Structures are given as C-alpha cells and as structure tokens.
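See structure below.
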Amino acid sequence: MFSDIGKKIKNLAMLIMFIGCAGSVIYGLICFAGSIGVITGILIIVLGVIFSYLSVLVLYGFGTLIDDTGAIREALESKSQRQNFFSSTKSGTCSICGKKTEDVKKTSYDDPQGNHVKTDMCSGCRIKLIKQGIHIHTDN
C-alpha cells in the first residue's frame with residue numbers, strides 16, 4: 007500500500023489534472039450549447055485546463071521529490087557499504103600526531119631503529135613516513 011509512494015502521488019496528480027481538464031471541457035461545451043455564450047465557453051475550457059495543470063504542479067513535484075530522495079538514499083547506502091567493505095578507515099585519534107580525524111588506519115612500519123611498530127595513524131602521518139623513505143603497511 008505504501009510502497010513506491012512517490013509514483014502513486016505523481017499518478018494521483020495526473021488523475022486530478024485530467025479530471026479537471028475533462029470537467030472544464032465538458033462545462034465549456036455546455037456553455038456553447040446554452041445561453042452563456044461561445045466566448046465564455048472557450049474561456050472556461052482554456053482557463054480550466056491551465057488551472058488544472060497549475061494546481062497539481064506542487065503535488066507532482068512532491069512525488070518527484072520523494073522518488074529522488076529514495077534514489078539518493080539508495081545510492082548513498084550502496085556507496086557507504088562499498089566503502090565499509092573495502093576500507094578499514096575509522097574515526098579516531100592518530101597515535102603519532104594526536105589529531106582526531108576520520109581517516110585513522112591501523113598501520114605497521116619499521117622505525118629507523120629497526121623496531122616493528124603497529125599503531126593507529128592518520129593519512130598525514132602515513133604520507134610523512136613515506137616521504138622519509140619508510141615502508142608502511144595498512145591493515146585492511
């Protein structure tokens with residue numbers, strides 16, 4: 007009942023517009039045949055169709071907004087799942103510089119004294135070690 011609600015709202019908007027247009031045309035034709043007049047009938051048809059269209063724009067736009075929001079949410083969830091699968095990046099504090107950041111990774115390297123070090127490290131500190139010629143390895 008509530009699945010694909012954006013499409014249902016857009017279909018409802020189109021239905022309301024078509025009913026309004028049909029009602030305007032029918033009433034305009036009745037005016038042709040009656041004593042109201044041809045010009046009045048034409049105005050009722052033209053203005054009725056225009057107002058029927060304008061009256062449902064917000065409703066149709068709302069349905070489109072719901073559809074687009076759902077598509078964006080799905081894309082972000084998909085991207086987030088891919089990033090979580092392929093990346094061990096986490097939020098935390100770098101044990102080298104002490105900076106709190108979103109790109110901390112478990113990193114291992116051999117320091118200049120030959121000691122094997124395994125620590126949480128931000129991307130800035132990893133780049134500094136690489137520039138110093140130290141080979142690092144990030145755990146995935």
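In terms of our numbering, the sequence shown opens at residue 7 and continues consecutively.
C-beta atoms are modelled at their ideal positions from N, C-alpha and C, and glycine is treated no differently.
Computed from a prediction, not measured in an experiment: that's the story for all the values here.
#### Entry: For residue 55, three-class secondary structure by DSSP
Helix at residue 55.
### Query
For residue 62, which three-state DSSP category applies?
Residue 62: coil per DSSP, three-state reduction.
### Task
Give a yes or no on contact between the region 14-23 and the region 55-73, applying the rule of three or more CB pairs nearer than 8 angstroms.
Short answer: they touch.
### Message
Quick check: the Cα distance between residue 17 and residue 33, rounded to an integer number of angstroms?
### Response
Looking at the backbone, the Cα of residue 17 and that of residue 33 are separated by about 24 angstroms.
#### Entry: Helix, strand or coil at residue 41 [DSSP, three-state]
DSSP places residue 41 in the coil class of the three-state scheme, outside both helix and strand.
### Query
Would you call the region 121-130 and the region 95-107 touching, i.e. three or more CB-CB distances under 8 angstroms?
Contact between the region 121-130 and the region 95-107 is present, because at least three Cβ pairs lie under 8 angstroms.
### Task
Pull up the distance between the alpha-carbon of residue 118 and that of residue 136, whole angstroms please.
C-alpha separation (whole angstroms): 13 angstroms.
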